[in-house]
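Peer 1:
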Amino acid sequence: LSGRAGDGSRVFVWGQRAAFPVSEASSIAPAGSDLRSPTEVPWFRHYAEAHQCSWCQVAFGPCFGVARTDRGELFVWGSYKSPDGQKEVFSEPQCLSWEDLAEGGKFVDAQCSE
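The sequence shown begins at 7 in our numbering and counts up one residue at a time.
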């Protein structure tokens with residue numbers, strides 16, 4: 007994580023591509039290629055700037071990830087093999103909502119494992 011509170015945090019990733027978030031706003035390496043050096047994922051910066059928040063936690067599993075904002079929002083994403091097994095399908099970051107949370111409720115932790 008990089009950046010100061012209020013200026014829109016930037017998130018950099020590297021390693022195996024299967025766990026990285028992808029969206030129309032993201033232009034990082036194509037599926038199947040790994041990142042060998044830290045590379046910014048533009049989606050995080052765009053979201054933080056548009057919603058005036060910062061990222062305070064990011065965690066990854068082998069083909070999925072989770073991120074939490076300083077406002078307690080939780081986003082998840084991932085990838086999986088297509089039904090025919092020919093290509094990797096990536097899902098965009100999705101905000102989780104927990105309708106049972108009281109007014110002002112928020113997520114306070116985010117972790118991933120295998």
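Glycine included, C-beta positions come from ideal geometry on N, C-alpha and C.
Taking the beta strand (DSSP E) that phenylalanine 18 belongs to, which residues open and close that run?
Peer 2: Here residue 18 corresponds to residue number 12 of the sequence shown, with the count starting at 1. 18-21 is the extent of the beta strand (DSSP E) around phenylalanine 18.
Peer 1: Give me the Cα-Cα distance between proline 48 and valine 17, rounded to the nearest whole angstrom.
Peer 2: Taking the first residue of the sequence shown as position 1, residue 48 is located at position 42. Taking the first residue of the sequence shown as position 1, residue 17 is located at position 11. Their backbone Cα atoms lie some 8 Å apart in a straight line.
Peer 1: Looking at chain D, is there any beta carbon in it that lies within less than 8 Å of the beta carbon of glycine 78?
Peer 2: The question asks about chain D, but that chain is absent: this structure has only one protein chain.
Peer 1: Run through DSSP, which three-state label would proline 48 get?
Peer 2: Position 42 of the sequence shown, counting from 1, holds the residue named residue 48. Proline 48: helix per DSSP, three-state reduction.
Peer 1: For aspartate 115, I'd like the list of residues in its chain whose CB is within less than 8 Å of its CB, leaving aside the five on either flank, ordered along the chain.
Peer 2: Position 109 of the sequence shown, counted from the start, is the residue given in the question as residue 115. Excluding sequence neighbours, aspartate 115 sits near Gln63 and Arg74.
Peer 1: Quick check: the Cα distance between alanine 25 and phenylalanine 96, rounded to an integer number of angstroms?
Peer 2: In the sequence shown, the residue the question calls residue 25 occupies position 19. In the sequence shown, the residue the question calls residue 96 occupies position 90. Approximately 9 Å between the Cα atoms of the pair.
Peer 1: My guess is that serine 43 and arginine 23 are in contact by the Cβ rule of under 8 Å, so how many angstroms apart are they, rounded?
Peer 2: As a first step, residue 43 is located in the sequence shown; it is residue number 37 there, counting from the start. As a first step, residue 23 is located in the sequence shown; it is residue number 17 there, counting from the start. Going by Cβ atoms, the distance from serine 43 to arginine 23 rounds to 13 Å, so no, they are not a contact pair.
Peer 1: Would you report the Cα separation of valine 72 and tryptophan 61, rounded to the nearest angstrom?
Peer 2: The residue labelled residue 72 in the question sits at position 66 within the sequence shown. The residue labelled residue 61 in the question sits at position 55 within the sequence shown. Here the alpha carbon of valine 72 sits roughly 11 Å from the alpha carbon of tryptophan 61.
Peer 1: Is glutamate 79 helix, strand or coil by DSSP?
Peer 2: Walking along the sequence shown from the start, residue 79 turns up at place 73. It is coil, neither helix nor strand.
Peer 1: Just verifying my parser: in three-state terms, what is the DSSP assignment at alanine 116?
Peer 2: Indexing the sequence shown from 1 puts residue 116 at position 110. Three-state DSSP puts alanine 116 in coil, outside helix and strand.
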